[in-house]
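First residue of the sequence shown: 843, per the working numbering; consecutive thereafter. Following: one structure in C-alpha cells, then a few remarks.
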Amino acid sequence: MTGAPRVLSTPMKILFCHNNFPGQFHRLAVELAADPVNEVVFLSHYLRSDVSVPRVAWRQVPLPEKETTPNSPRRKYLSLLACGERFADAMATLAKEGFVPDVVYGHVGFGCCFYAPDIFPHALHMGYFEWYYTNEADTRFFAGGKPVRLLTRAENRQANMCTLSALHECALGVCPTRWQLSQLPQEYQHKLHLLHEGVDTHFFSPDAGDPLRLPELELPPDAEIVTYATRGLEPYRGFHTFYRSLPALFAARPKAHAVIMADDRTSYGSKREDGKTWRQVLTEEGEADPSRTHFIPFQPYAVYRSLLRASHVHVYLTAPFVLSWSMLEAMSCGCLLVASATEPVREVVRHGVNGFLTDFWDHEALARRLAFCLERQEELRPVREAARRTILEHYDLERLLPRHIALIRAGLELKRAGA
843 MTGAPRVLST
853 PMKILFCHNN
863 FPGQFHRLAV
873 ELAADPVNEV
883 VFLSHYLRSD
893 VSVPRVAWRQ
903 VPLPEKETTP
913 NSPRRKYLSL
923 LACGERFADA
933 MATLAKEGFV
943 PDVVYGHVGF
953 GCCFYAPDIF
963 PHALHMGYFE
973 WYYTNEADTR
983 FFAGGKPVRL
993 LTRAENRQAN
1003 MCTLSALHEC
1013 ALGVCPTRWQ
1023 LSQLPQEYQH
1033 KLHLLHEGVD
1043 THFFSPDAGD
1053 PLRLPELELP
1063 PDAEIVTYAT
1073 RGLEPYRGFH
1083 TFYRSLPALF
1093 AARPKAHAVI
1103 MADDRTSYGS
1113 KREDGKTWRQ
1123 VLTEEGEADP
1133 SRTHFIPFQP
1143 YAVYRSLLRA
1153 SHVHVYLTAP
1163 FVLSWSMLEA
1173 MSCGCLLVAS
1183 ATEPVREVVR
1193 HGVNGFLTDF
1203 WDHEALARRL
1213 AFCLERQEEL
1223 RPVREAARRT
1233 ILEHYDLERL
1243 LPRHIALIRA
1253 GLELKRAGA
C-alpha cells in the first residue's frame, strides 16, 4: 500500500482475465504490479479508459462473432464457450511469446478461463466467483411465487457450466459476500474464501463541501437531493420501484429532486421483448414530474463521488443477486441509505442503525421512507456515521487488499510445494 517502504518479495508472473478491464481486479492488479519483481498481464474484451492501472500490461481479446444459434437454452453456453476460445487464443499467444504465468486469476462467470488449465497446466488457477444461478434466489424472486419456467431453469443450468468447471479446476476461489458465497454448491465450499475486493475509503469519504458540478444539471440551492446510481436502469436493481415512488415523494416533499445517474440499458437479466428500455416504458407512464426527475449518464468516479456527497438520501434496490459496489461506496461517503430488504443488502444494512430497509416491490412504502428521511436529516446523522463506520470496519480496501495478496502467495507456495 502507499506510504510504507515496499519489501521486495518472491517474483510472480500473474495473468488476470476478465470481460472488462480492470473489473474487480483493479486495486489488486495495481498493488501486485507496484512490486517491481512481479510481472502482471491483463486480458479483457473491454477497457475502462478512466481508470489508471500503472505497470499492468493490458491485451485486448477480440470479441467472438455474435452467436446466431436460434434462441434456446444452449445459446448462452455457446456464447460463453466462444468467449473462452478467444481468451484461449490470447493465452496461447502469450505462451509463444514466453510469458508463462505462475498465477492465472479470472472472473469465471464470463467463460474467459475455461481453457486456461490446458494452456497453463502448471499455474495456480484462481477464480473470482461472483454468482451462481439457482432457482431459489433471483429466478424465483421474479417469478412472484409461481413455479420457475423450465426454460429458465435450463438457461440457468447452462449459465452455470463454466462456473462449475472453474470450481472443479481451480485451486482456490474468492467470493465477495456471504450471501453470494451461499449460492455456490456446498461440495466446493472448502476451496472458497469470503473476501470482498474492498472500498477505497480515502476516496469514497464524506465531504459536505464537495460541490456537485454537472453542466446538464441545475438544481435549486434548497433542493432535497434523492440519488440513485447504477450501471443500467432495470428491474434487477429496482428501477421500476424507485421511479414509481417519485410522484408520491414529490407530493410529500415539494423541494425534492431525484438525480438518476445510470446508462439507459439492461446490464442484468433479459431485455424487453418489445425492444423498449425500462426508462422509456416508465417515463411513458408520465407520472413523475420531469422537471424534478434528472437522468444523467454514468460519470467518471470523481463526478460520481460528488453526487454521493451531495445526496440527502441515497436509494439502492436489488433483487437477491450480486451486491453492487455502489451501495458500499455510498455508505463509505456517509450517505443516508434506503435499500431493499433483500438478502444481499441485509448482510450489510441494519434497519435504523446504518441505513433503512424497504420492500423491493412497494413503491408507496419507499416514497414514505424517503420523505421520512428528508424530513429528519439532522436527527438521522448518526445513521450516516454508522454507515461510514460499517465500511471502515468490514470493507476497507486497506484491510482487505493485504489479505487478498497473502491468499495468492499462500496458494502459490502450496502449489510450488506440491501440496
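The beta carbon of each residue, even a glycine, is placed where N, CA and C say it ideally should be.
Three-way DSSP call (helix, strand, coil) for residue i in this model
i: G987; result: coil
i: F1092; result: helix
i: Q1028; result: helix
i: R1192; result: coil
i: E1206; result: helix
i: S1174; result: helix
i: L1234; result: helix
i: N880; result: coil
i: N977; result: coil
i: T1072; result: strand
i: R901; result: strand
i: F929; result: helix
i: H1082; result: helix
C-alpha distance - residue i paired with residue j, whole-angstrom precision
i: K855; j: V942; result: 7 Å
i: E1127; j: L1165; result: 29 Å
i: A1183; j: E1060; result: 33 Å
i: R1107; j: K1257; result: 43 Å
i: A1093; j: E1206; result: 12 Å
i: H1136; j: N880; result: 46 Å
i: V898; j: E1066; result: 42 Å
i: S1153; j: R1223; result: 13 Å
i: A937; j: A924; result: 20 Å
i: Y1158; j: L1178; result: 11 Å
i: P864; j: F884; result: 8 Å
i: P847; j: A876; result: Confidence is the limiting factor: at P847 the pLDDT is only 43, short of 50, which leaves the residue's position unreliable, though a coordinate-based value still follows. Spanning the two alpha carbons is a distance of roughly 12 Å.
i: F929; j: L966; result: 17 Å
i: W1217; j: A1228; result: Correcting the residue type first, residue 1217 is Glu in the shown sequence and not Trp. Between E1217 and A1228, the C-alpha separation is close to 19 Å.
i: R1079; j: A1104; result: 11 Å
i: I1138; j: L889; result: 22 Å
i: A1161; j: R1231; result: 25 Å
i: L1243; j: L870; result: 7 Å
i: V990; j: K918; result: 18 Å
i: S1007; j: T976; result: 16 Å
i: E1189; j: A979; result: 15 Å
i: L922; j: V895; result: 27 Å
Nonlocal neighbours in the same chain, by C-beta distance under 7 Å from residue i, ignoring five residues either side
i: T994; result: T981
i: V849; result: A caution first: V849 carries a pLDDT of 46, below 50, which makes its placement in the model too unreliable to give a value.
i: Y1237; result: H1038, G1040, V1041, L1170
i: P959; result: H967, E1011
i: R800; result: Because residue 800 is not part of the residues shown, which for the chain are 843 to 1261, the question remains open.
i: A1090; result: E1206, A1209
i: I1233; result: V1041, T1043, L1170, M1173, S1174
Buried or exposed by the 16-neighbour rule on C-beta atoms within 10 Å, applied to residue i
i: G1260; result: exposed
i: F858; result: buried
i: F1045; result: exposed
i: R1055; result: exposed
i: H868; result: buried
i: T852; result: exposed
i: P1057; result: exposed
i: H1039; result: The displayed chain sequence assigns Glu, not His, to residue 1039. Per the 10 Å Cβ criterion, buried.
i: R1245; result: exposed
i: K1113; result: exposed
i: S1168; result: buried
i: E1115; result: exposed
i: N998; result: buried
i: Q902; result: exposed
i: L992; result: exposed
i: A985; result: exposed
CB contact below 8 Å: residue i versus chain B
i: E1240; result: Of the protein chains in this structure there is only one, and it is not chain B.
Sequence-distant residues of the same chain with beta carbon closer than 8 Å to residue i, five excluded per side
i: L968; result: One point to set straight first is that residue 968 is Met, not Leu, in the sequence displayed. V945, V946, Y947, G948, C1012, A1013, L1014, G1015, V1016, I1250, G1253, listed in sequence order.
i: A934; result: I961
i: K1033; result: L1009, C1012, A1013, L1014, G1015
i: Q1219; result: H1154, L1178
Contacts around residue i, its chain only, beta-carbon distance under 6 Å, and the 5 residues preceding and following it disregarded
i: S1047; result: none
i: L1124; result: Y1085
i: W1120; result: L1075, E1076, F1081
i: A1100; result: V1068, L1088, T1135
i: A1071; result: M1103, S1168
Heavy atom of the ligand GDP within 7 Å of residue i beta-carbon
i: F867; result: Annotation note on the ligand GDP: not contained in the displayed structure, which lists no ligands.
_Could you check whether the stretch 1173-1183 touches the stretch 1194-1210, counting it as contact only if at least three pairs of C-beta atoms, one from each stretch, sit closer than 8 Å?_
yes
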